Amino acid sequence: MRDPAPQTDAIPVTDSAFKGACPRCGARTLFAGWVKFGDRCGSCGLNYSAFNVGDGPAAFLTLIIGTIIVILSVWLELAAAPPVWLHLLIWPPVTLAMVVLSLRWAKGALLALEYRNAAREGRLKEPPK
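Take any residue in the sequence shown, note its place counting from 1, add 32, and you have its number in our numbering.
Below you can see the structure in the form of structure tokens.
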């Protein structure tokens, strides 16, 4: 069963994203690990497992960070023309660091947006009889 409808005075999405705060009450109980959500909020009881964040944040981050890395690597190539081994030394760790560091806040933001907008699975309307 779905949790009660979201409150209009819910905390800002940025607080859930950057602080790991519950989207309902603001307690810092959203995450049980680095990117693993807790089961429910210890303060207000909001059930985090009712939300389906899935792989959405990873897909967005792949596109955004991939674009940034390509632009930076092309810029470096045109500006300094370093050897290929230097590109291989720089870009994989930078990409990995950017993904790992941004995945937590992306997941928190997506869960907070699902809560705020009362998102749920799509349903088809029944055809008229």
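Cβ coordinates follow ideal geometry from the N, Cα and C atoms, glycine included.
The structure displayed is predicted, hence computed values, not measured ones.
Nearest-angstrom Cα separation, counted from residue j out to residue i
i: Trp137; j: Val67; result: 9 Å
i: Ala91; j: Thr61; result: 25 Å
i: Asp166; j: Ala53; result: Not covered by the structure: residue 166. The range shown for the chain is 33 to 161.
i: Pro89; j: Leu110; result: 31 Å
i: Ile101; j: Pro115; result: 17 Å
i: Phe63; j: Gly70; result: 5 Å
i: Thr127; j: Ala113; result: 20 Å
i: Ala49; j: Gly154; result: 25 Å
i: Ala129; j: Ile97; result: 10 Å
i: Trp107; j: Ala150; result: 42 Å
i: Ile103; j: Pro124; result: 14 Å
i: Pro159; j: Val131; result: 44 Å
i: Leu120; j: Ser75; result: 47 Å
i: Ser105; j: Lys157; result: 48 Å
i: Leu133; j: Leu95; result: 15 Å
i: Thr99; j: Ile122; result: 16 Å
Selection from the options that minimises the alpha carbon distance to residue i
i: Leu78; options: Thr99, Leu95, Arg56; result: Arg56
i: Lys51; options: Lys139, His119, Thr99, Ile103; result: Lys139
Own chain residues within Cβ distance below 8 Å of residue i, not counting five before or after
i: Leu135; result: Val67, Pro89, Ala90, Leu93
i: Trp117; result: none
i: Leu81; result: Just to set this straight, residue 81 is Ser in the shown sequence, not Leu. Closer than 8 Å at the Cβ level, and outside the excluded window around Ser81, lie Phe69, Asp71, Arg72.
Beta-carbon gap between residue i and residue j smaller than 8 Å
i: Val45; j: Arg148; result: yes
i: Ile43; j: Gly58; result: yes
Quiz item: Can we say the region 79 to 98 touches the region 128 to 144, given the rule of at least three CB pairs closer than 8 Å?
Solution: Yes, the region 79 to 98 is in contact with the region 128 to 144.
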